[in-house]
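Colleague: Quick one: the structure is below, questions incoming.
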Amino acid sequence: MTDDALRQRRLQVLHTHFQSEIDHDWDTCLRTFNGRPHYEIMATGQVYDGDEEVLNYHRNQRIAFPDQRHENVRYHFADDVVVTEFDLLGTNLGPFLGLEPTGKSFRVPVVALFFFEVPFPVVIVTIVPAGDASVMSRSPGKVCVIAIATSTSQR
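Residue numbers for the sequence shown follow my numbering, so the first one is 888 and each next one is one higher.
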């Protein structure tokens, strides 16, 4: 099990990561990764690799859901992973996956696994929605999303 100091450092990285997403502070968000950020959206097959692609992913998400945010974040620590559970919320005010905005709000339960190598931060985020990924823009409802974040190099 990780010691308290390491848990606190990892928790700070995750707090910074989540808050930077809410604030649309993409420079800070990218700094929470250890090197090269990488996102994979399993339901759609989308892959975003490196600063520019991950930055474009975030910007496009905020065009579709400008008020996207997290609520009820819970953290569970293990040796090399922090499992987070949270509700992802937002309102579809822009195009999403080629669909026109609906104006509908959504609340999606999410489990995100952030894998760390000694000592931190995160490098790769893989998001795997269960069910139809476009449900957020068409008829918001219960969708489980698993985000896996892993580091590929030690720091």
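Each residue gets a CB set at the ideal place from its N, CA and C atoms; glycine is no exception.
Can you give me the C-alpha to C-alpha distance between D938 and R897, rounded to a whole angstrom?
Modeller: 21 Å
Colleague: Under a Cβ-count criterion, where at least 16 other Cβ atoms within 10 Å of its own Cβ denotes burial, should I867 be classed as buried or exposed?
Modeller: Because the chain in this structure spans residues 888 to 1042, residue 867 falls outside the shown range and cannot be described.
Colleague: How is the alpha helix (DSSP H) around Q895 delimited, first residue to last?
Modeller: 891 to 910
Colleague: Give the DSSP-derived three-state secondary structure of N943 in the structure shown.
Modeller: helix
Colleague: How would you write the range of the alpha helix (DSSP H) that R915 sits in, first residue to last?
Modeller: Correcting the residue identity first, residue 915 is Thr in this sequence and not Arg. In the DSSP annotation of this structure, the continuous segment of the alpha helix (DSSP H) that includes T915 starts and ends at 913 to 918.
Colleague: Where do the ends of the beta strand (DSSP E) carrying T978 lie?
Modeller: Residues 968 to 978.
Colleague: CA-CA distance, E940 and F1002?
Modeller: Distance between the alpha carbons of E940 and F1002 is about 21 Å.
Colleague: Under 9 Å between the Cβ atoms of Y962 and L1000?
Modeller: no
Colleague: So, at 7 Å on beta carbons, what are the nonlocal neighbours of T903 in its own chain, with the 5 sequence-adjacent residues on each side left out?
Modeller: T915, T919
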